[in-house]
Amino acid sequence: MTPRTVSTRPYPDQKPGTSGLRKKVTVFRQPHYLENFVQSIFDSIAAPPGSTLALGGDGRYYNREAIQVILKMAAANGFGRVLVGCGGILSTPAASHVIRKYQTFGGLVLSASHNPGGADGDFGIKFNIANGSPAPENITEAIFARSKEISEYRICEAADVALDTLGATSLGNMQIEVIDPVTDYADLMESLFDFAAIRALLAGGFRLRFDAMHAVTGPYAREIFINRLGASAESVMNAVPLEDFGGGHPDPNLTYAPDLVAALYGEDAPDFGAASDGDGDRNMILGQRFFVTPSDSLAVLAANATLAPGYTQGLAGIARSMPTSAAADRVAAALGIPSFETPTGWKFFGNLMDAGRVTMCGEESFGTSSSHVREKDGLWAVLFWLNVLAARKQPVETIVREHWAKFGRNFYSRHDYENLPVEAANGVISHLRENFAALAGAQFGQYTVQGCDDFSYTDPIDGSVSHNQGTRILFTDGSRIVFRLSGTGTEGATLRLYLEAFEADVSRHALDAQDALAELIAIAHRISELRERTGREQPTVIT
Ligand code: G1P
Ligand code: ZN
Numbered sequence: 000m001t002p003r004t005v006s007t008r009p010y011p012d013q014k015p016g017t018s019g020l021r022k023k024v025t026v027f028r029q030p031h032y033l034e035n036f037v038q039s040i041f042d043s044i045a046a047p048p049g050s051t052l053a054l055g056g057d058g059r060y061y062n063r064e065a066i067q068v069i070l071k072m073a074a075a076n077g078f079g080r081v082l083v084g085c086g087g088i089l090s091t092p093a094a095s096h097v098i099r100k101y102q103t104f105g106g107l108v109l110s111a112s113h114n115p116g117g118a119d120g121d122f123g124i125k126f127n128i129a130n131g132s133p134a135p136e137n138i139t140e141a142i143f144a145r146s147k148e149i150s151e152y153r154i155c156e157a158a159d160v161a162l163d164t165l166g167a168t169s170l171g172n173m174q175i176e177v178i179d180p181v182t183d184y185a186d187l188m189e190s191l192f193d194f195a196a197i198r199a200l201l202a203g204g205f206r207l208r209f210d211a212m213h214a215v216t217g218p219y220a221r222e223i224f225i226n227r228l229g230a231s232a233e234s235v236m237n238a239v240p241l242e243d244f245g246g247g248h249p250d251p252n253l254t255y256a257p258d259l260v261a262a263l264y265g266e267d268a269p270d271f272g273a274a275s276d277g278d279g280d281r282n283m284i285l286g287q288r289f290f291v292t293p294s295d296s297l298a299v300l301a302a303n304a305t306l307a308p309g310y311t312q313g314l315a316g317i318a319r320s321m322p323t324s325a326a327a328d329r330v331a332a333a334l335g336i337p338s339f340e341t342p343t344g345w346k347f348f349g350n351l352m353d354a355g356r357v358t359m360c361g362e363e364s365f366g367t368s369s370s371h372v373r374e375k376d377g378l379w380a381v382l383f384w385l386n387v388l389a390a391r392k393q394p395v396e397t398i399v400r401e402h403w404a405k406f407g408r409n410f411y412s413r414h415d416y417e418n419l420p421v422e423a424a425n426g427v428i429s430h431l432r433e434n435f436a437a438l439a440g441a442q443f444g445q446y447t448v449q450g451c452d453d454f455s456y457t458d459p460i461d462g463s464v465s466h467n468q469g470t471r472i473l474f475t476d477g478s479r480i481v482f483r484l485s486g487t488g489t490e491g492a493t494l495r496l497y498l499e500a501f502e503a504d505v506s507r508h509a510l511d512a513q514d515a516l517a518e519l520i521a522i523a524h525r526i527s528e529l530r531e532r533t534g535r536e537q538p539t540v541i542t
């Protein structure tokens, strides 16, 4: 089995985005495209010969093919051992845990997260470093730079590796261990949460409905909820992972999880509903006829953290991405612990967690997690909620309303305009920037602009600086409008408009968020000329 060196030519578009390289399957299938990117990773990370790599993905279309290519390239590039999930499967948080538990050099995670799958859908690949976190920007930039000058890659000529039976095999000098993707992760969850209390809650008639959206969390959810916690078989829906996610869009939100939403808003609704995305790192939380925004979910979990056995010592600090509402900051202030505001994307939390500065992190985009891994973790959030519900014995809605009464409510919404012409989307952002000076001090109804900027972040641990992380219009009362271009889309441009207004008055907490934010929404349109510049009257998705 001699490694072969294959000549290649660079592709210009292998720049990792918010979360690795995401492209259409058709793009990945171009000759040498995947190989170029994988070799660019291997060339950039300088793994010592004999290193161990973790490998797995969300099972979407092209997952198996890509895994075979990567195994043959890893062998040719001097890796000593690869831990690969059975069937090529590892949810993103489970991959992070495998990297940490087995102390591998790093891992390759194959997923396009919540983006649709299938032959015409999306695929993605991401390198995670030894702490289990997505590679920081200096590494992703080095990978991109390498991809622009690559001229050859190394691969072993070999038969495909059997991925569906647990156990060890080899490829040349490299060991391959096909591992059970679920057990280690389920054990980790059992070590953090009070499974006995959750089991008692479920045995007492509390009804749970979890939607795996035909994606990777199906087997994890069955093991944890049904086998370990005794939930009924109907508690887990869409539990068989499919290569195209059943034709759906595996994004757990009110638009793309309609069956779950219908159940939780229908007659005889279950007590608690939740969903996770394609690769298992996102979560949506619902009570009976009640939606918990991800920003509120982070704040509520932080405020109740000590109810879970893994967090009885309290939290060192809380971090949230800039567009996420400041609800968690209020909890941090009340607890007397630090809070951090980072750019969008989980990779910015890794340093803070490694340094012990934060325990819990979250993003408004349905991402919540803690330092138990270095990725966001959908099932972790669901189990945390179940633990809180088991301890407090109150409905979801009551817990959230009591939280608002204590801390105030940060009304929050995100409006996405998907698949816009790139020029038009860029035009909105440049128009806003050109008006920064004119907007300062401007009065719009009850709102006065305090200032505008492009968010920049200096990592407090390594001092690295990230610029242009979102265009902010900040008001004197703490309300905010943020515009940001997505870094994960694969078609045209996606413009995200984030809106936030704080309300201390309990009598106004029952308002619908869109109503409470109506004035800010109108201001956002007025100052951005979004409708005029994009021709869009309505957002594609509101969360
Ligand atoms: C989106 C979310 C972001 C999240 C990322 C990966 O990125 O907004 O919070 O970390 O997906 O799940 P975006 O498309 O906005 O760049
Ligand atoms: Zn995801």
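For the sequence shown, numbering that gives the first Met the number 0 assigns the number 0 to the initial residue and increments by one for each residue that follows.
We treat Cβ as the ideally placed atom computed from N, Cα and C, and that holds for glycine.
Residue i to residue j span [Cα, whole Å]
i: L107; j: G217; result: 21 Å
i: N226; j: K22; result: 36 Å
i: V399; j: R208; result: 19 Å
i: G462; j: R206; result: 47 Å
i: G486; j: T17; result: 5 Å
i: R99; j: K125; result: 16 Å
i: Y219; j: Q442; result: 51 Å
i: P459; j: S368; result: 20 Å
i: A144; j: P11; result: 10 Å
i: C85; j: A307; result: 31 Å
i: P2; j: D250; result: 40 Å
i: N386; j: A196; result: 7 Å
i: D193; j: A325; result: 29 Å
i: I142; j: R530; result: 37 Å
i: H508; j: A521; result: 21 Å
i: N282; j: D415; result: 18 Å
i: V291; j: E502; result: 17 Å
i: G131; j: L314; result: 20 Å
i: E374; j: F435; result: 35 Å
i: G366; j: A512; result: 20 Å
Given residue i as reference, the closest of the options once Cα atoms are compared
i: T447; options: E64, S429, I480 and P133; result: I480
i: V5; options: R153, F41, N62 and Q38; result: R153
i: L170; options: R525, I69, F209 and A220; result: I69
i: E176; options: T292, G279, L54 and E528; result: L54
i: E422; options: G477, L494, S465 and S364; result: L494
i: L109; options: G488, M359 and V83; result: V83
i: S478; options: V181, L516, E531 and L385; result: L516
i: I284; options: A380, A74 and T51; result: A380
i: N425; options: P48, A195 and G491; result: G491
i: N137; options: I66, G19, P9 and K405; result: G19
i: A202; options: G366, T311, A389 and L259; result: A389
i: A157; options: F474, E433, M0 and R356; result: M0
i: E433; options: E528, A509 and K147; result: E528
i: A134; options: F347, Q312 and T358; result: F347
i: E64; options: P92, F104, A118 and L378; result: A118
i: G120; options: F244, G377 and T470; result: F244
Cβ-Cβ separation, residue j to residue i (assumed contact under 8 Å), whole Å
i: T323; j: G361; result: 6 Å
i: A500; j: F410; result: 5 Å
i: E340; j: Y497; result: About 13 Å; that fails the 8 Å criterion.
i: D555; j: S95; result: In the structure as shown, the chain starts at 0 and stops at 542, and residue 555 therefore has no counterpart that could be examined.
i: A268; j: L297; result: Their Cβ separation, rounded to whole angstroms, is 24 Å, which puts A268 and L297 out of contact at 8 Å.
i: H430; j: R532; result: 7 Å
i: H402; j: V505; result: 12 Å between Cβ atoms; not a contact.
i: D210; j: A256; result: 5 Å
Other residues of its chain near residue i: CB distance less than 7 Å, five sequence neighbours each side excluded
i: V26; result: Y32
i: M173; result: A73, A74, F78, G79, R80 and V81
i: R221; result: V235 and A238
i: D179; result: C85 and L165
Same chain, Cβ closer than 8 Å to residue i, five either side skipped, listed in chain order
i: Q468; result: M321, P342, T343, D453, F454, S455, Y456 and R483
Neighbourhood of residue i by C-beta, 6 Å cutoff - its chain only, sequence neighbours within 5 removed
i: F122; result: V24, F27, Y61 and A111
i: V37; result: I69 and M72
i: P15; result: T139
i: F41; result: N76
Heavy atom of the ligand GDP within 7 Å of residue i beta-carbon
i: T103; result: The ligand content of the structure shown is limited to the ligand G1P and the ligand ZN, which means the ligand GDP is not among them.
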